[in-house]
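Visitor: Let me give you the structure first, and then I'll get to my questions.
Numbering (mature numbering (1 follows the signal peptide of the UniProt record, and there is no 0)), first residue to last: -22 to -1, 1 to 692.
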């Protein structure tokens, strides 16, 4: 193999001489693999990179990492300083706000310099003696990767079930602990989704098994504590590989639920928690384009459903008759407001809604149907229902954050309409939210839609087009990107950066149609929206300040950076093919870029469950549309911006070889002299490094890359 090297650049402001870089970059051998579909021939020169056990593949990834180290050598000190700067904002010894559940107060805490949380509880009172459920820091010490997935305490408060992933493949091993004695039970149940639910008998748990190849959660099993897992009882298997399986327990604790869901359809099966060997009953049979979720309260089930309500509505049905024919509206609905989530209490309902792209909280009294909204006064914010395990209480826990307000937990008395701030996440280093400005704008798209964009910058930043700006978006799966605080982001804002969050089509920020308009044969809208936002950010605008009209410009193509991860990495790949001239640099984290080849292989994790998102290449129309934008297939002989691409060898969501192939092809075809780097974490997966401090290095890497391109030294 021909893996060429050259001496690293020196100094953060060193000139990036593209001709030299192009000569020194690793060269992936070309081994053509030909695909023929619907009379069209595609040649994949780097298909061979999909073999993680092949020494040649590992050698190539290591060569790219070595090349990355060489080219970023001049920024290494910057990265180290940034990581320390970010770390210095974190309160080392910290704990979460305790919540009450079944006469115990539960919380997590961190000790000084610890990577992983310690899970704790106190009985009856916050001044009671602390009990340690799990010491994550001890469990994760010495491991390249560690994550506690789910955990649940039995109804009698004496037993703990929990799951652990030590590879970052999202295949969790289920374990058990006796909280009275502190001893672990011997059984281990491997290859689970991580979820675990106790039955009411304090000895039975339900869990979901995954297919170890496709990573699809598809089987529900029942385990009796103290028995051999090989004898576990089969409960349910999902035969349709476009559906995922999940489990839960109702807030009332009365029911165990099996959630079956695809992108566009769902089904709920349930059994009583005190009858764990009973056969689960179907709540409402699945139907095309019908999504619903269920919660129990008293003699009723509440149902959030999109049946004849694209933006969802809340319905109710008696426990005895759950088919759709018996559902009635629990509340009058507003078709232009999107119902995102809901929470039940004995005397109240709380609805988490979206209006104008922002979340709001509506409180409804079940006694008299009187309702009100909890007021929020920032231009861009996020308000969500928090942890509320108790039903018979007027107290609502909710979470609040914004681009300038750190994550905060409020306790709100729904009867008196008064709230109390319980905790605001500390930000060390004299942080003052009033030193920063937030704007929320709606950018007119090329097809006359209005794209919400939330913007933050430090007051005093020059808005004359010279400021560097980081533009971020996701835009897939109906997953909404809300404006939230980042202590790490202050390292950019304090250095004159502007940050812009774009709610492009493909999410649900503006309702269900916003999602529909960004998937399948409408996916190009997502990319066009992002580009339209970029153009808005790089052009002058007129702003009214008091009685004066001012000309402002956020940034320019010479200082504009774009970033997205996973499906947002697909966004980055499409955008740099379409409008590479708009960006100084692009960061594509774990990018899903080889759309057609991946979606053509049902054995690859997530493929079959995402046909409703991207399409099924077995259908010609869908194949051709996907091919029209697939970043890997559309790499061309043109100039590209500076690019940093990251991945993880054990990635369970986007396999490492997608970004590796993409970078190899870009190297062979791009005509520019700009920097192209691939960094593979050889010990991590989709989420990067585990631990609260290890993961900071990933962020510092991205920031150092941008500052290097701007020639800035710390």
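Backbone N, C-alpha and C fix where the C-beta goes; we use that ideal spot for every residue, glycine too.
Between residue 405 and residue 377, what straight-line distance do the alpha-carbon atoms span, to the nearest angstrom?
Guide: Position 427 of the chain shown, counted from the start, is the residue given in the question as residue 405. Position 399 of the chain shown, counted from the start, is the residue given in the question as residue 377. Straight-line Cα distance between these residues: approximately 17 Å.
Visitor: Which residues bound the beta strand (DSSP E) around residue 202?
Guide: Start at 1 with the first residue of the chain shown, and residue 202 comes out as number 224. Note, residue 202: beta strand (DSSP E), 195 to 202.
Visitor: Residue 426: buried (16+ other C-beta within 10 angstroms of its C-beta) or exposed?
Guide: Mapped onto the chain shown, residue 426 falls at position 448. Residue 426 comes out exposed.
Visitor: Mind the definition here: the region 435 to 449 touches the region 95 to 112 only if three or more C-beta pairs lie below 8 Å; say whether that holds.
Guide: no
Visitor: Which runs of the beta strand (DSSP E) at least 3 residues long sit entirely within the region 305 to 383? Give them in chain order.
Guide: Counting whole runs of 3 or more residues, the region 305 to 383 contains the beta strand (DSSP E) stretches 316 to 322, 326 to 333, 336 to 343, 349 to 351, 359 to 363, 373 to 380.
Visitor: Kindly list the residues whose CB is nearer than 7 Å to the CB of residue 16, restricted to its own chain and excluding five residues on each side of it in sequence; keep chain order.
Guide: Within the chain shown, residue 16 is the residue found at index 38, counting from 1. Only 598, 601 meet the Cβ criterion.
Visitor: So is residue 359 buried or exposed if we call it buried at 16+ other beta carbons inside 10 Å?
Guide: The sequence position of residue 359 within the chain shown is 381, counting from 1. Result: buried.
Visitor: When the Cα of residue 625 is compared with those of 39, 26, 9, 384, which residue comes out closest?
Guide: Taking the chain shown and counting its residues from 1, the one referred to as residue 625 is at position 647. It is 39.
Visitor: In this structure, what does DSSP give as the bridge partners for residue 252?
Guide: What you label residue 252 is simply residue 274 of the chain shown in a count that begins at 1. Looking at the DSSP assignment, residue 252 forms no beta bridge with any residue, so it has no partner.
Visitor: Which of helix, strand or coil does DSSP assign to residue 637?
Guide: The residue labelled residue 637 in the question sits at position 659 within the chain shown. Helix.
Visitor: Assign residue 734 to one of two classes, buried (16 or more other C-beta atoms within 10 Å of its C-beta) or exposed (fewer than that).
Guide: Look at the range of the chain in this structure, -22 to 692, and you will see that residue 734 is not part of it.
Visitor: Look up residue 387 in the DSSP assignment and give the residues it is bridged to.
Guide: Within the chain shown, residue 387 is the residue found at index 409, counting from 1. In the DSSP output, where bridge partners are listed per residue, residue 387 has 377, 401.
Visitor: Is the distance from the Cβ of residue 644 to the Cβ of residue 49 below 8 Å?
Guide: As a working mapping, residue 644 is identified with position 666 in the chain shown. As a working mapping, residue 49 is identified with position 71 in the chain shown. No, the Cβ-Cβ distance between residue 644 and residue 49 is not below 8 Å.
Visitor: Run the CB neighbour count on residue 596, radius 10 Å, all protein chains shown included, and call it buried at 16 or more, exposed below.
Guide: Here residue 596 refers to the residue found at position 618 when the chain shown is read from its first residue. Exposed is the call here.
Visitor: How should residue 1 be labelled, buried or exposed, when 16 other C-beta atoms within 10 angstroms of its C-beta is the threshold for buried?
Guide: In the chain shown, the residue the question calls residue 1 occupies position 23. Residue confidence is low: residue 1 scores 44 on pLDDT, short of 50, so the model does not pin down where it sits. No coordinate-derived value is stated.
Visitor: If we count the other Cβ atoms within 10 Å of its Cβ and call it buried at 16 or more, is residue 71 buried or exposed?
Guide: Taking the chain shown and counting its residues from 1, one reaches residue 71 at position 93. Exposed.
Visitor: At 3 residues or longer, what runs of the beta strand (DSSP E) sit wholly inside the region 231 to 285?
Guide: 233 to 239, 244 to 250, 259 to 262, 270 to 275, 278 to 283
Visitor: Pairs of beta-carbons, one from the region 264 to 281 and one from the region 315 to 326, closer than 8 Å: are there three or more?
Guide: These segments touch.
Visitor: Assign residue 408 to one of three DSSP states: helix, strand, or coil.
Guide: Locating residue 408 in the chain shown gives position 430, where the first residue counts as 1. Correct three-state label for residue 408: coil.
Visitor: Alpha carbon to alpha carbon, how far is residue 83 from residue 135?
Guide: Taking the first residue of the chain shown as position 1, residue 83 is located at position 105. Taking the first residue of the chain shown as position 1, residue 135 is located at position 157. So the two alpha carbons sit approximately 12 Å from each other.
Visitor: Please classify residue 32: does DSSP put it in a helix, a strand, or coil?
Guide: Translated into positions along the chain shown, residue 32 becomes position 54. Reduced to three states, the DSSP call for residue 32 is coil.
Visitor: Around the Cβ of residue 370, are there at least 16 other Cβ atoms within 10 angstroms (buried) or fewer (exposed)?
Guide: Sequence index remark: in the chain shown, residue 370 carries index 392 (1-based). Residue 370 is exposed by the Cβ-count criterion.
Visitor: Mind checking whether residue 399 and residue 388 have CB atoms under 8 Å apart?
Guide: Within the chain shown, residue 399 is the residue found at index 421, counting from 1. Within the chain shown, residue 388 is the residue found at index 410, counting from 1. Yes, these two residues count as a Cβ contact at 8 Å.
Visitor: Is it buried or exposed for residue -6, if we count other Cβ within 10 angstroms and need 16 for buried?
Guide: On the chain shown, position 17 is the one that residue -6 refers to. Because residue -6 carries a pLDDT of 35, less than 50, the predicted location of this residue cannot be relied on, and no value is offered for it.
Visitor: Please classify residue -11 as buried or exposed, where buried requires at least 16 other C-beta atoms within 10 Å of its C-beta.
Guide: Against the chain shown, residue -11 aligns to sequence position 12. In this prediction, residue -11 scores a pLDDT of 31, lower than 50, which makes its location untrustworthy; no coordinate-derived value is stated.
Visitor: What number of angstroms, rounded off, separates the C-alpha of residue 439 from the C-alpha of residue 528?
Guide: Position 461 of the chain shown, counted from the first residue, corresponds to residue 439. Position 550 of the chain shown, counted from the first residue, corresponds to residue 528. Distance between the alpha carbons of residue 439 and residue 528: 15 Å.
Visitor: Leaving out five residues before and five after residue 424 in sequence, what residues of the same chain have Cβ atoms less than 8 Å from its Cβ?
Guide: Within the chain shown, residue 424 is the residue found at index 446, counting from 1. So the qualifying residues of the chain are 506, 510.
Visitor: Taking 8 Å as the cut-off, does the region 517 to 532 touch the region 457 to 465 (at least 3 CB pairs, one atom from each stretch)?
Guide: no
Visitor: Which of the three DSSP states, helix, strand or coil, is assigned to residue 37?
Guide: Residue numbering aside, residue 37 sits at position 59 when the chain shown is read from its first letter. Three-state DSSP puts residue 37 in a helix.
Visitor: Go through its chain and collect everything with a Cβ distance to residue 489's Cβ below 6 Å, but skip five positions before and after it.
Guide: Indexing the chain shown from 1 puts residue 489 at position 511. The residues are 289, 316.
Visitor: Going by Cα to Cα distance, which pick from 199, 306, 127, 690 is closest to residue 149?
Guide: The residue given as residue 149 occupies position 171 in the chain shown. Considering only alpha carbons, the answer is 127.
Visitor: So, is residue 218 buried or exposed, given that buried needs 16 or more other C-beta atoms within 10 angstroms?
Guide: Position 240 of the chain shown, counted from the start, is the residue given in the question as residue 218. That one is exposed.
Visitor: Kindly provide the ranges of any beta strand (DSSP E) runs that are 3 or more residues long and lie completely inside the region 153 to 212, ordered along the chain.
Guide: 167 to 176, 182 to 188, 195 to 202
Visitor: Quick check on the DSSP output: the alpha helix (DSSP H) that includes residue 61 runs from which residue to which?
Guide: Within the chain shown, numbered from 1, the residue matching residue 61 stands at position 83. From DSSP, the alpha helix (DSSP H) with residue 61 extends over 54 to 65.
Visitor: The beta strand (DSSP E) with residue 432 in it runs from where to where?
Guide: Reading the chain shown from its first residue, position 454 is the one you call residue 432. Note, residue 432: beta strand (DSSP E), 428 to 436.
Visitor: Would you identify the three-state DSSP class for residue 687, choosing helix, strand or coil?
Guide: Residue 687 sits at position 709 when you count from the first residue of the chain shown. Of the three classes helix, strand and coil, the one that applies to residue 687 here is helix, per DSSP.
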